[in-house]
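Step one of this worksheet: look at the structure below.
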Amino acid sequence: MSENDHTDQTPENVPAQTGEVHEVGVRHGMFGVRGSGDTSGYGGLVKPILFPGDAQRPFGGWHDEVADALEQAGRAAGLEVATPRVVIHRGEITFHVRREDLLTVAQVLRDDERLRFEFCSGVSGVHYPDDTGAELHAVYHLLSMTHNRRIRLEVSAPDSDPHIPSIVSVYPTNDWHERETFDMFGIVFDGHPALTRILMPDDWPGHPQRKDYPLGGIPVEYKGGSVPPPDQRRSYN
Amino acid sequence: MSTTEDLYAGSSETTEGRVFTVTGQDWDSIAEGLAEDEVLERIVVNMGPQHPSTHGVLRLILELEGETVTEARCGIGYLHTGIEKNMEYRSWTQGVTFCTRMDYLSPFYNEMSYVLGVERLLDIEEDIPEKAQVMRVLLMELNRISSHLVAIATGGMEIGALTVMTIGFRERELVLDLFELITGLRMNHAFIRPGGVAQDLPPGALDEIRSFIALMKKRLPEYADLCNANPIFKARLEGVGHLDLAGCLALGMSGPVLRSTGYPWDLRKTEPYSGYETYDFDVQTWDTSDSYGRFRIRLNEMWESLRIVEQAADRLAKLDGAPVMVADKKIAWPSQLAIGSDGMGNSLDHIRHIMGESMEALIHHFKLVTEGFRVPAGQVYVPVESPRGELGAHVVSDGGTRPFRAHFRDPSFTNLQATSVMAEGGMVADVIVAIASIDPVMGGVDR
């Protein structure tokens, strides 16, 4: 994209307001056609997939207070890198935490009186197959009822070593949530009291929510026509 | 017949003694075995997943000592349908059709949390027309009434109060009739869409809602008369399924279970969405932390929901003809369908426009309906106060026309974890009451 095109960009299409952008993949073409057959000219389109980048201080509002308190309390608790990467997008703050720091950070977030995130809304896994070295993400949503604030913790692990420490000892509610994320993504939560499958049958092969796991399905015939299963239909990408 | 030959009640010798396996209704064999002067130390009862009292396809594994439960564990997943995975293969608008089916007793809340997530990613939260906001609130609060009615009805049925069940479902049917009038479907509406709602209010809907409110004001006291001071009802519910505030926070409990500890936590007040801050209503609490308190909270919340529905109906009366979809034509569904004489949804004006008048309109229609719109990359988490507690949608977009990931933090799933804490140490009959007071919906638990 050339320089003078920037004026045409509407604000909502700019991936990041501040800091570095984070690339997690590349989008090719437009109409889902691979190889040949697309004569529209859009087949050669290559666009990076950019997620919102790091925020820079001041974050604004209570975000600074929480970040400061987390930094101080984290350092007091003996974390080597006490400043996590921070992303602010659509008014929601995300702290990217190294997995080895997760348990300490969770403990501090729950117990420090300036933070007091008493309530954990569970963990959600996300699989970014093109985010090399950090394919598996575990996303925790925390709520401070004392201060009425919500934050998000994001931890990543490579596919080759899918281990993330369990925070069930800090937030017992994460028991089933971590089992579900293990079931669906294959993230092993070290220290979980009984990490077994929860939604899929115990002997199920594979982890269904991973992007390399097919959706499955059979073609459906209707009035003489045959409709392919959803993951084999033409789609826009 | 000796016990060892019984097809349905076999027993086997193990190093730990004799083990009976009973899969039918033949308890005689156990009694016979006991009579053979063997001491029975431990009974493990598998309850469900097909059991009328487990509130859906929930499997309970109970370890009993006499009639006392020493350990209780849940087996879930029998209703797992891969809704989250399926949503990754449909457009952002089609996603509503899937997530509405999760917690089938509160479909509007499923839609709402997901749609609010998509709207936040699109950054159009401020652009949603007022009428759409009011209609969403109206439908959600009607839905809270219908959901609480089922909670009370099935809870009553499970302890043998069948009249509570019949009157509960009688009133719920009235709410579903309203849903059918407004959305076209009794359940699984897919009515709340990114950008607004699918349809305007049909003619005559407000009158129906008003007569429903008037009727409910007469009917709701029946539940109070039937249950509130009923000695049997109270004896079954009071002190059962106890969970205090510390336990609730540790286990991530929300909704009526949390409010039964006396903590007035309600997302409609603490993090208002859809203009809830402009409605006049109170958060209902109880201070007994037990099943009876949760029943009373649900009963009181239905009154509060009626208050909100009343206010929403008054507002809708003033918003006749106002838009129900965001003005951005790149997001709003192009046509406003109406039911034709053939019973199919159609819009003849729109068809005339795209087929006969404007090529560009046809292209636009085709693009929006087949491709859908793109949502900027990022992730959001949007919670709403569903009848069961905090229902949150974690929506991730990679900038494409489909959700990259949609995860739902369902309150039933989280709250069901409290089964062990609530049931262990109590009587086996109280397990049913404790689970009914959580009111889990397995469609939401398993998704």
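Each protein sequence line maps, in turn, to chains L and B.
The letter at position 159 of the first sequence is residue 158 when you use numbering that gives the first Met the number 0, and the numbering goes up by one with no holes.
The letter at position 4 of the second sequence is residue 3 when you use numbering that gives the first Met the number 0, and the numbering goes up by one with no holes.
Even for Gly, the Cβ is constructed at its ideal location relative to N, Cα and C.
Residue-level contact check: Ile75/B touches chain L, since one or more beta carbons of chain L fall below 8 angstroms from its beta carbon. By the Cβ rule, the region 292-312 of chain B counts as touching the region 139-150 of chain B, because three or more pairs are nearer than 8 angstroms. Taking every protein chain shown into account, the CB of Glu87/B has 16 or more other CB atoms within 10 angstroms, so this residue is buried.
Leaving aside the five residues that flank Val154/L on each side, the residues in its chain whose CB is nearer than 6 angstroms to its CB run, in chain order, Val96, Arg98, Leu101, Ala137, Ile163.
In this structure, Gly442/B and Arg100/B form a Cβ contact; the two beta carbons are roughly 7 angstroms apart against a cut-off of 8 angstroms. Non-local C-beta neighbours of Tyr139/L in its own chain, meaning closer than 6 angstroms and more than five positions away in sequence, comprise Val122, Leu152, ordered along the chain. Relative to the Cα of Ala428/B, the nearest Cα in the group Gln378/B, Gly16/B, Thr13/B, Leu61/B belongs to Leu61/B. Per DSSP, the continuous beta strand (DSSP E) segment holding Ala71/B begins and ends at 67-74. For Gly261/B, no chain L residue has a C-beta closer than 9 angstroms to its own C-beta; the minimum C-beta separation is roughly 14 angstroms. Sequence-distant Cβ neighbours of Gln49/B in its own chain, meaning closer than 8 angstroms and more than five residues away, are Val56. If only complete runs of 3 or more residues are kept, the region 81-165 of chain L shows the beta strand (DSSP E) at 84-88, 91-95, 118-126, 135-143, 148-156, 162-164, in order along the chain. The continuous alpha helix (DSSP H) containing Phe365/B extends over residues 358-365. Within the DSSP bridge table, the entry for Met324/B names Gly195/B as partners. Burial state of Tyr278/B is buried, judged by a 10 Å Cβ sphere holding 16 or more other Cβ atoms. Between the alpha carbons of Ser210/B and Phe107/B lies a distance of about 22 angstroms.
For Lys84/B, the chain L residues whose C-beta falls within less than 7 angstroms of its own C-beta are Pro207, Gln208, Leu214, listed in chain order. For the 8 angstroms CB-CB criterion, Val149/B and Arg171/B form a contact.
With a threshold of 16 other beta carbon atoms within 10 Å, Trp203/L falls short and is exposed. Contact between the region 270-289 of chain B and the region 240-254 of chain B is present: 3 or more CB-CB pairs across the two stretches fall below 8 angstroms. For Arg89/L, the C-beta contacts it makes with chain B under 8 angstroms involve Arg119, Leu120, Asp122, Gly377, Val379, in order along the chain.
Think of a sphere of 8 angstroms around the beta carbon of Gln283/B: no beta carbon from chain L falls inside it, the nearest being about 18 angstroms out. Under a criterion of Cβ atoms nearer than 7 angstroms, the residues of chain L adjacent to His406/B are, in order, Ser123. Here Val95/B is buried, its C-beta having at least 16 other C-beta atoms within 10 Å. Contact between the region 408-427 of chain B and the region 64-73 of chain B is present: three or more C-beta pairs spanning the two stretches fall below 8 angstroms. When rounded, the separation of the alpha-carbon atoms in Val325/B and Trp332/B is 9 angstroms. Of the other Cβ atoms in all chains shown, 16 or more fall within 10 Å of the Cβ of Arg404/B; this residue is therefore buried. Between Gly254/B and Gly388/B a beta carbon distance of about 3 angstroms is seen, short of the 8 angstroms cut, so the two are scored as contacting.
At a cut-off of 8 angstroms between beta carbons, Thr14/B makes no contact with chain L. Between Pro322/B and Lys130/B, the C-beta spacing is below 8 angstroms. Not one beta carbon of chain B lies nearer than 8 angstroms to the beta carbon of Gly185/L. Against Arg151/L, the close residues of chain B are Tyr380, in the order they occur along the chain (beta-carbon pairs closer than 7 angstroms). It is roughly 29 angstroms from the alpha-carbon of Glu15/B to the alpha-carbon of Ile75/B.
Residues of the same chain with a CB within less than 7 angstroms of the CB of Glu300/B, apart from the 5 flanking positions on each side, are Arg143, His147, Gln283 in chain order.
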